[in-house]
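Taking the working numbering, the leading residue of the sequence shown gets 1, the next gets one more, and so forth.
The C-beta atom is built at its ideal place from N, Cα and C for all residues, glycine as well.
Worksheet: the structure to be examined is printed underneath.
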Amino acid sequence: MMAKKPQLLHLLADGQWHSGQEMAGHLGISRAAVWKQLELLKEQLGLEIHAVRGRGYRLARPLELLDEAAIRSSMTERGRQLVPAMEIHDTIASTSSHLMSRPVDTLSCGHACLAERQTAGRGRRGRHWVSPFAGSVYLSLYWRYSLSPAELSGVSLAAGLAVVRALEQLGIPGVGLKWPNDVLHEQRKLAGLLLEVSGEQSGPSRVVLGLGLNVSLPASEAHSIDQPWVDLDSLPGGRDVSRNHLVAVLLDNLVAILSDFESGGLVHLVDEWRRHDLYDGQRIRLQMGERKVEGIHRGIDPSGALLLETADGIHAHHGGEVSLRPVERSD
């Protein structure tokens, strides 16, 4: 019976009315079994399903479910070659945790993991990442480098730039970066990246790069988010973007920049990153644990460190437990 759940979900994904009799006939089960499966969809996936006597059932909003064939057909030839394997899960604790738990010998460089829903999605500093079913992009990539972990401090910044490139390619204007790895639109968070690195001190290294990007985030799901946020549906041109095409363009840009990082590092991307840096030249505050430092944001260096100008000069600050907030001026 559980095998019928994905079929039922695909049947309802168009957001149209479907009668219980129609669905029962399509799935080869009883109308009572259809009702039980619908209850499971509501309970397990958090879906809102409308039911009206005489009309049947429909989802509160249509869903574009992820499909590997659709994603790969929208990717470039290079992108398809650099993503040799792709997993798509209905529900998973965390795409990044899943890849990190896999034995290394079962993963190839460029292995991608996607999910329609995460139950334990993670953001920076242990924050929970809100992950409604089919409402966003939850994507993790596994990558191998001959470099040492210390040489990979700029990878997450490069990946953030790849996300901006992808959104610009899709015609989404006004998107920028907040150091170290947030993607914003008008000071509201659209996407975030989380990098996890392991390996020998002198290399090689293994990287799991996680990306969460808000596509269509219902207010009922977002009430727990503790910072200003925005989704793609709210942005000019964003509502018309196919979710599968979005994933394809994101993957193309991510794997290209991750691949090029091996030989070029961040040095050739510093100027481009700074052009998209929403806080460049502004007075900011860095908080490192209990310590706070204020100064003028002067971009990043080739290692990915933030450059902060204070009365003592310009100093580089690396990631970790560092948060960045604009300092409000008082007249």
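The DSSP assignment places 95–101 as complete runs of the alpha helix (DSSP H) inside the segment 91–158, in order along the chain (cut-off: 4 residues).
Secondary structure note for Val-83: it is in no alpha helix (DSSP H), with a DSSP letter that is neither H nor E. When the five nearest sequence neighbours on each side are left out, the beta carbons in the same chain lying within less than 7 Å of the beta carbon of Phe-133 are those of Leu-45, Gly-46, Leu-47, Glu-116 and Arg-117, in order along the chain.
For Leu-177 against Asp-277, the beta-carbon gap comes to about 5 Å, under 8 Å, which counts as contact. Of all alpha-carbon atoms in Ile-314, Val-247 and Arg-285, the one lying nearest the alpha-carbon of Leu-66 is that of Val-247.
For Leu-99 and Ala-85, the gap between their C-alpha atoms comes out near 12 Å.
Rounded to the nearest angstrom, the Cβ distance from Ser-153 to Gly-304 is 5 Å, consistent with a contact under 8 Å. Assigned with DSSP and collapsed to three states, Arg-55 falls in coil, not helix or strand.
Each residue's CA atom was taken as its position, placing Arg-165 and Val-249 some 9 Å apart. Separation of Glu-64 and Val-208 (C-alpha to C-alpha, rounded to the nearest whole angstrom) is 26 Å.
Under the three-state reduction of DSSP, Ser-234 is assigned to helix. When the beta-carbon positions are compared, Leu-167 and Val-175 come within less than 7 Å of each other. Counting other Cβ atoms within 10 Å of its Cβ, Val-52 stays below 16 and is therefore classed as exposed.
In the structure shown, the three-state DSSP call for Asp-252 is helix.
The closest CA to that of Ser-140, considering only Asp-182, Glu-151 and Ala-159, is found on Ala-159. Between Leu-269 and Leu-161, the CB-CB gap stays under 7 Å. Proximity to Ser-96 across Leu-193, Gln-16, Ser-136 and His-10 peaks at Leu-193, based on C-alpha coordinates. For the options Ala-60, Val-215, Ser-259 and Gly-28, the alpha carbon positioned closest to that of Lys-42 is the one of Ala-60. Under the DSSP assignment, Val-34 falls in the alpha helix (DSSP H) whose first and last residues are 31–45. Under the DSSP assignment, Glu-309 falls in the beta strand (DSSP E) whose first and last residues are 306–310. Contact check for Val-230 against Arg-188 passes: the beta carbons are separated by less than 7 Å. Taking 7 Å as the cut-off, the beta carbon of Gln-282 is found closer than this to the beta carbon of His-297. Closest option to Gly-54, judged by alpha-carbon separation, among His-18, Leu-11 and Leu-40: His-18. A residue is called buried once 16 or more other Cβ atoms fall within 10 Å of its Cβ, and His-111 is buried on that count. Its Cα nearest to that of Asn-214, the residue Leu-184 stands out among Leu-184, Pro-204 and Ser-198. Taken through DSSP and simplified to helix, strand or coil, Asn-181 comes out as coil. Annotation for Gln-169: Val-249 place their beta carbon closer than 6 Å to its own, counting only its chain and skipping 5 residues before and after.
Restricting attention to Met-75, Ala-311, Thr-310 and Ser-148, the CA atom closest to the CA of Phe-261 is found in Ser-148.
Approximately 35 Å separates the beta-carbon atoms of Ser-205 and Ser-216; this is outside 8 Å, ruling out the contact.
The beta-carbon distance between Gly-299 and Asp-280, rounded to whole angstroms, is 6 Å. This is short enough to meet the 8 Å contact definition.
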